[in-house]
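So the structure is just underneath, and the comments pick up after that.
In our numbering, the protein residues as written are 159 to 745.
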């Protein structure tokens with residue numbers, strides 16, 4: 159049944175108000191910069207220019223609702239402060255009209271529908287992004303969300319295009335996607351950067367270890383934040399300007415920065431033209447890693463102590479893995495965690511280990527992994543290659559590493575022909591699906607036992623499935639492992655969401671398995687309404703809201719049902735199938 163625009167707006171308001179319970183850690187932003195940079199952060203971002211009130215706005219208040227998916231504690235990335243300067247920075251250079259980029263559609267890549275958010279209120283969409291906790295438990299949902307956030311999409315109504323880019327880049331940073339965040343921030347012309355985007359621009363440049371990326375805005379930023387004053391000195395140093403030393407003297411005189419934060423900035427200045435200064439960095443008194451310290455140290459080849467990485471969230475592992483200035487062996491040491499989050503693809507992970515093998519100076523453990531991976535690809539016979547795959551999988555010690563090893567071996571597994579009674583079949587199928595190799599995996603249909611995990615994943619991932627299956631397909635599933643009951647619930651939720659089960663069977667199985675797919679709250683109504691309105695971008699954001707949990711064991715099967723059904727309704731069938739299969743692989 160169609161939902162009226164006024165009712166949809168009300169549902170959106172209720173859903174947005176319910177987000178606070180899922181991301182309390184991001185309710186009061188605080189600075190990522192070291193102490194002494196800028197003033198205390200306010201609790202909310204600077205607002206864009208006033209806009210006319212909507213004709214059918216959401217209610218001003220609504221009762222808090224119970225989320226479908228329980229919210230587990232996530233290590234938060236401290237959110238960014240958004241000071242409110244009285245004026246936007248004055249541009250130093252003005253682009254000619256033909257070269258200017260419009261704010262009506264901002265992004266750094268193609269590959270997603272430009273009208274991803276349809277008629278959604280941009281303020282609501284921004285609120286969804288702001289209060290998402292990341293990284294997400296689902297690698298495939300993270301990959302899909304990254305594609306959306308990086309894509310050139312139309313700016314939704316009632317928000318400024320530059321501010322909307324800032325919110326997207328800020329969420330990408332929290333997901334570990336430093337390079338993508340920088341690309342989105344820099345997709346806005348420098349003379350159109352708003353105060354909000356200027357702050358996110360700095361964070362993205364630092365997270366991607368690119369201090370030179372601050373220079374387009376450094377001169378025009380004024381004294382709105384102390385970090386920009388230091389950035390001006392760094393940019394002067396990088397160009398060999400005679401202004402560098404007077405700027406440093408002024409920074410010290412005004413006590414804008416000191417200690418390791420100033421010394422790291424001087425290290426950047428020393429990398430510039432005609433510089434003769436040498437700066438030594440001592441980490442001994444430092445107890446907290448910040449974006450400033452990570453970015454400047456990484457850019458200048460200063461090694462950050464391992465104990466400082468324990469003071470930040472897991473998304474920083476993604477920043478490490480993507481930073482080319484960090485030695486390859488150090489990036490490989492965190493690559494498993496980055497791959498499990500969706501930051502690194504299967505191909506990127508294989509390339510990293512191949513480069514390690516070719517380099518010849520990798521640590522013994524990484525060199526052994528690279529050698530075993532080579533056997534998995536080009537071993538002399540099938541037994542050797544399967545033994546190499548099993549060795550890689552069995553060596554993993556944590557859930558993230560176990561899944562990352564499946565990602566690493568996806569194409570090696572796809573090179574092997576299907577065979578009956580293969581003990582590693584379940585993991586081979588799971589491995590192929592981590593890279594989206596669904597058709598390669600389907601070759602195993604008929605070769606895996608009915609009711610096995612591999613059989614279930616093949617049913618969920620089948621790109622050609624059209625016919626509905628009887629309820630017995632769910633009851634015949636005999637999952638392995640200690641979470642068998644939850645796996646069966648997830649299998650049912652995925653099959654039902656993909657439309658593979660008859661309506662009557664869904665009701666009976668929902669009651670039998672204890673999965674309340676018919677239950678409604680503000681989140682289910684919001685994601686169903688977004689799907690009905692054909693808004694794939696809003697659906698993806700709401701899907702991420704439904705997965706506010708620390709791992710798959712705490713993702714609600716009912717939430718998975720609504721996520722898969724909504725993705726399928728807006729044309730994201732492949733994403734829906736991969737997420738449904740991932741639920742089986744990661745439990």
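All residues carry an ideal CB built from backbone N, CA and C; glycine is no exception. All values derive from a computational prediction rather than experimental measurement.
Taking the alpha-carbon positions, what's the residue i to residue j distance?
i           : j           : result
residue 729 : residue 510 : 33 Å
residue 290 : residue 702 : 7 Å
residue 626 : residue 529 : 45 Å
residue 472 : residue 596 : 29 Å
residue 346 : residue 259 : 7 Å
residue 697 : residue 655 : 14 Å
residue 498 : residue 590 : 14 Å
residue 722 : residue 731 : 8 Å
residue 704 : residue 284 : 16 Å
residue 355 : residue 390 : 18 Å
residue 629 : residue 517 : 54 Å
residue 384 : residue 454 : 16 Å
residue 615 : residue 575 : 18 Å
residue 618 : residue 735 : 6 Å
residue 685 : residue 700 : 6 Å
residue 372 : residue 634 : 58 Å
residue 750 : residue 292 : What the structure shows of the chain is the stretch from 159 to 745, and residue 750 is not part of that stretch, so it cannot be assessed.
residue 568 : residue 480 : 21 Å
residue 692 : residue 269 : 17 Å
residue 488 : residue 474 : 13 Å
residue 501 : residue 608 : 34 Å
residue 605 : residue 579 : 7 Å
So, at 8 Å on beta carbons, what are the nonlocal neighbours of residue i in its own chain, with the 5 sequence-adjacent residues on each side left out?
i           : result
residue 245 : For residue 245, the pLDDT reaches just 35, beneath the cut-off of 50, and the residue's location in the model is therefore unreliable, leaving the point undetermined.
residue 610 : 583, 584, 636 and 638
residue 492 : 475, 478 and 479
residue 508 : 531, 566 and 569
Does the distance from the CB of residue i to the CB of residue j come in under 8 Å?
i           : j           : result
residue 733 : residue 725 : yes
residue 323 : residue 341 : no
residue 329 : residue 360 : no
residue 265 : residue 317 : no
residue 296 : residue 737 : yes
residue 557 : residue 648 : no
residue 306 : residue 695 : yes
residue 668 : residue 674 : yes
residue 113 : residue 741 : Nothing can be reported for residue 113, as the shown portion of the chain is limited to 159 through 745.
residue 534 : residue 524 : no
residue 339 : residue 311 : no
residue 449 : residue 367 : no
residue 362 : residue 388 : no
residue 559 : residue 494 : yes
residue 309 : residue 365 : no
residue 261 : residue 350 : yes
residue 644 : residue 632 : no
residue 348 : residue 375 : yes
residue 327 : residue 358 : yes
What are the boundary residues of the alpha helix (DSSP H) that residue i is part of?
i           : result
residue 409 : 402-411
residue 647 : 642-655
residue 536 : 522-536
residue 258 : Note, residue 258: premise wrong, no alpha helix (DSSP H); not H, not E.
residue 631 : 630-633
residue 557 : 557-566
residue 348 : Here residue 348 belongs to no alpha helix (DSSP H), and DSSP marks it neither H nor E.
residue 321 : 319-332
residue 450 : 449-457
residue 293 : No alpha helix (DSSP H) contains residue 293, which DSSP labels as neither H nor E.
residue 390 : 384-396
residue 760 : There is simply no residue 760 to check, as the chain begins at 159 and stops at 745 in what is shown.
residue 272 : Where residue 272 is concerned, there is no enclosing alpha helix (DSSP H), given that its DSSP letter is neither H nor E.
residue 552 : 540-552
residue 658 : From DSSP, residue 658 is part of no alpha helix (DSSP H); its letter is neither H nor E.
residue 696 : 694-703
residue 438 : It is not in any alpha helix (DSSP H) - residue 438 carries neither H nor E in the DSSP assignment.
For residue i, I'd like the list of residues in its chain whose CB is within less than 7 Å of its CB, leaving aside the five on either flank, ordered along the chain.
i           : result
residue 461 : none
residue 710 : 295, 741, 744 and 745
Starting from the C-beta of residue i, find all residues in its chain whose C-beta is less than 6 Å away, skip the five residues before and the five after it, and write them out in chain order.
i           : result
residue 770 : The structure shown does not extend to residue 770, since the chain is modelled only from 159 to 745, so the question has no answer here.
residue 418 : 444
residue 563 : 550, 551 and 554
residue 664 : 654
residue 720 : 682 and 685
residue 392 : 369, 423, 426 and 427
Tell me residue i's beta-bridge partners as DSSP assigns them.
i           : result
residue 311 : 264
residue 279 : 315
Would you say residue i touches the ligand ADP, meaning its beta carbon is less than 7 Å from a heavy atom?
i           : result
residue 349 : With respect to the ligand ADP, the structure offers nothing, as it holds no ligand at all.
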